[in-house]
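A.B. asks: The sequence shown begins at 20 in the working numbering and counts up one residue at a time. The beta-carbon is built from N, C-alpha and C at its ideal position, and this holds for glycine as well. None of these values were measured; they are calculated from a predicted model. Provided herewith is a single structure, encoded as structure tokens, for subsequent inquiry.
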Amino acid sequence: MRAVSAAIQIVRTHRRVYAAVNILYDRLVLAGMAWSQVDHGLAVRLRQAVNESLAGGGLAPVARVYEGGQILTAIALTLALNLFLGSLASITIPSLLLPFSGLAVGSLRAFVWSLIFSPAPAGVTLKSLPLGAAVGGLLLLEGQGYVLAMLAAWIQGRAWVRPGTIGAARRGEALRLGVRRTVSLYLLVALTLTRRRRLRGTPIDHRLGEPG
């Protein structure tokens, strides 16, 4: 598929930045999990806020779909939320308004969500370590979609600051070319998040919903 090949080529062209963003994201996930062991009360408060949003906020319809056992619909809604709210609205659009700002938002997301989903300190035992590692791995897997969105934000911001790096003579042209590359990368973002949705309903995924 040409579109996928083109997106992969963009990643290869910027492989050093892609690797750096991956390292940053992974370390922030680990930092969030570690911080949760120091101040788990913060993690509990954040988790309660998320649960309240699911119960009575704009995400309530998604929660009801899951509770009703409508798996395919739930997967589609969750994918749409992660793609449009988690990536497009939180990372890409802010970067169009303020270059590189999506990198900060994506980094904050990595830290906060790993903080929320980490086990309580009292629940950390030798037996729970494999599950904790699996939860961390799951966060890193889903994070690949956001890492790609952050890479797109970096490409977009760099093009705006230095149009020549994207083969443009003016900022207007650089903006257009940057958006085109972002759209291309979003194909990989969608594919990555779709792969993550397949893990919905597994014992590991259920661990994410347990209270601290």
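Take N41 as the anchor and find which of L61, Y205, Y165 has the nearest alpha-carbon.
C.D. replies: On the sequence shown, residue 41 is found 22 positions in, with the first residue counted as 1. Taking only the C-alpha atoms, the option nearest N41 is Y165.
A.B. asks: Going by C-alpha distance, which of V48, L159, I110, S55 is nearest W173?
C.D. replies: Locating residue 173 in the sequence shown gives position 154, counting from the first residue. Ranking V48, L159, I110, S55 by Cα distance to W173 puts I110 first.
A.B. asks: Mind checking F103: buried by the 16 CB within 10 Å criterion, or exposed?
C.D. replies: Residue numbering aside, residue 103 sits at position 84 when the sequence shown is read from its first letter. Label assigned to F103: exposed.
A.B. asks: By alpha-carbon positions, which one of G183, R199, G162 ends up nearest to T211?
C.D. replies: Translated into the one-based positions of the sequence shown, residue 211 becomes position 192. Measuring from the Cα of T211, the nearest candidate turns out to be G162.
A.B. asks: On the three-pair Cβ rule with 8 Å, is the stretch 187 to 194 touching the stretch 41 to 56?
C.D. replies: no
A.B. asks: Can you round the beta-carbon distance between T201 and L98 to whole angstroms, since I take them to be within the 8 Å contact cut?
C.D. replies: Within the sequence shown, the letter at position 182 stands for residue 201. Within the sequence shown, the letter at position 79 stands for residue 98. Not quite, the Cβ-Cβ distance comes to about 18 Å (not below 8 Å), so this is no contact.
A.B. asks: Grab me the residues of A209's own chain with a C-beta within less than 7 Å of its C-beta, minus the 5 sequence neighbours each way, in chain order.
C.D. replies: Here the question's residue 209 lines up with position 190 in the sequence shown. Only L102 meet the Cβ criterion.
A.B. asks: Hey, would you say L117 sits closer than 9 Å to L170, going by beta carbons?
C.D. replies: The residue you call residue 117 lines up with position 98 of the sequence shown. The residue you call residue 170 lines up with position 151 of the sequence shown. Between L117 and L170, the CB-CB gap reaches or exceeds 9 Å.
A.B. asks: Leaving out five residues before and five after L206 in sequence, what residues of the same chain have Cβ atoms less than 7 Å from its Cβ?
C.D. replies: For the purposes of this step, residue 206 is taken as residue 187 along the sequence shown, with counting starting at 1. Answer for L206: A22, V23, A26, listed in chain order.
A.B. asks: Buried or exposed: where does G105 fall if 16 or more other Cβ atoms within 10 Å of its Cβ makes it buried?
C.D. replies: Translated into positions along the sequence shown, residue 105 becomes position 86. The residue in question, G105, is buried, as its Cβ has 16 or more Cβ neighbours within 10 Å.
A.B. asks: Taking only three categories from DSSP, how would you classify D58?
C.D. replies: As a working mapping, residue 58 is identified with position 39 in the sequence shown. In this structure, D58 counts as coil in the three-state DSSP scheme.
A.B. asks: With the cut-off set at 9 Å, would you say L114 and Q175 are in Cβ contact?
C.D. replies: Your numbering for residue 114 matches position 95 in the sequence shown. Your numbering for residue 175 matches position 156 in the sequence shown. It should be pointed out that residue 114 corresponds to Ser in this sequence rather than to Leu. Yes, these two residues count as a Cβ contact at 9 Å.
A.B. asks: Please report the distance separating the alpha-carbon of R1 from that of G60.
C.D. replies: Past the boundaries of the shown model lies residue 1; the chain is included only from 20 to 231, so the question cannot be answered.
A.B. asks: So what's L127 in DSSP terms, helix, strand or just coil?
C.D. replies: If you number the sequence shown from 1, residue 127 lands on position 108. Correct three-state label for L127: helix.
A.B. asks: Kindly list the residues whose CB is nearer than 7 Å to the CB of D45, restricted to its own chain and excluding five residues on each side of it in sequence; keep chain order.
C.D. replies: Translated into positions along the sequence shown, residue 45 becomes position 26. Only L159 meet the Cβ criterion.
A.B. asks: What residue does the alpha helix (DSSP H) around L115 start on, and which one ends it?
C.D. replies: Mapped onto the sequence shown, residue 115 falls at position 96. Taken as a continuous stretch (DSSP letters only), the alpha helix (DSSP H) holding L115 covers 112 to 116.
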